[in-house]
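Heads up: the sequence shown begins at 41 in the numbering used here, then just goes up one per residue. Glycine is no exception: its CB is placed at the ideal position from the N, C-alpha and C atoms.
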Amino acid sequence: MQGIVQQVRLFIFSLCEGKDWDWKGHIESVVKYSKILAKKLHADEEVCEISAWLHDTVKVRDPEEAWPTHHIIGAREAEMMLRKLGYPEEKIKMVHHCILTHSSDKTYMPETLEARITASADAMAHFDNFLALAHAMFGLENKNVPDARDWLVKKIEKCWNKTMPEGKEMVKDKYEAIKVVLGVDS
Ligand SMILES: [Fe+2]
Ligand SMILES: [Fe+2]
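This is the structure:
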C-alpha cells in the first residue's frame, strides 16, 4: 500500500490537471517551504507536508464563489480523507488546524508551530510563482496594467507580512527582485 503522503500527493495532482491556473506549481512550492521550515524549526514534518498538499483542495476543485470558506471546508474534508486512510487522530487534528488557519481569515489564527509554518509557506510560495500571479491578473482577470500592478503590489506585501522571520530569510532576494519589477521603492 502506498504511504499516506504519496496518496494525498497523487490526489491533489489529479485535481490540478487541466486547470487554467498553475495550482500544481503553487502547491509544490508550499510543500517545499513547509518541509524546509519544519526541518529547521523541529516541527512535525509529516503533518506540515500533508497540510501543504491539502491546504487548497477546495480552491483547486471548486469555482471561485466557494473560495472564501475553502479553509473551513478544506480542513473538514482533509480530516475525513485522512481518517479513511487510517492516519492517527492526534495528527489529523494537527492537519485540520493547519488548513483551517492558513488563509487570511482572522477568525482562525494559527496556534501551533505547524500551522504557522503552513500559513507562512503558503505566502512564500507566491515569491516562487510570481509569473502565475501575473498570469492571473493579466490573463485570467484581464486587468489593465495599472490595476494589475496595484493588485500585485498589495498581494506581494501581504505575502511578505504573512511570512515568518525564518522564511523571510529564504525569500528575501525574490521579494526584492519582484519589487524592482513592480517599480516599488525599497
Ligand atoms: Fe488557501
Ligand atoms: Fe495556497
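Pairwise C-alpha distance: Leu77 and Leu3 = Because the chain here runs from 41 to 226, residue 3 falls outside it and cannot be looked at.
What number of angstroms, rounded off, separates the C-alpha of Lys124 from the C-alpha of Arg116?
-> 13 Å
What whole-angstrom Cβ distance do Thr158 and Ser91 have, given they're in contact under 8 Å?
-> Rounded to whole angstroms, the Cβ separation of Thr158 and Ser91 is 5 Å, and the two are in contact under 8 Å.
Distance between Phe167 and Val211 (C-alpha atoms, nearest Å) | 7 Å
Length at least 4, wholly inside the stretch 65-153: the alpha helix (DSSP H) runs in chain order | You should have 85-94, 97-101, 110-124, 129-140.
Simplified DSSP assignment, three categories, for Asp224 | Position check: residue 224 holds Val in this sequence, whereas Asp was assumed. Coil at Val224, not helix or strand.
Would the beta-carbon of Asp102 be found less than 6 Å away from any heavy atom of ligand 2?
-> no
Does the stretch 102-114 touch the stretch 136-154, meaning 3 or more C-beta pairs lie closer than 8 Å?
-> Put simply, the stretch 136-154 touches the stretch 102-114. At least three CB pairs are less than 8 Å apart.
Ala176 beta carbon less than 7 Å from that of Thr203 = no
Around the C-beta of Lys59, are 16 or more other C-beta atoms found within 10 angstroms, so that it is buried, or is it exposed?
-> Burial state of Lys59 is exposed, judged by a 10 Å Cβ sphere holding fewer than 16 other Cβ atoms.
Does DSSP put Glu181 in a helix, in a strand, or in coil?
-> coil
Okay, do the stretch 216-224 and the stretch 191-200 touch, 3+ Cβ pairs below 8 Å being the bar?
-> Two segments are said to touch when three or more pairs of C-beta atoms, one from each, lie closer than 8 Å; by this definition the stretch 216-224 touches the stretch 191-200.
CB Phe178 to CB Ala188, shorter than 7 Å?
-> yes
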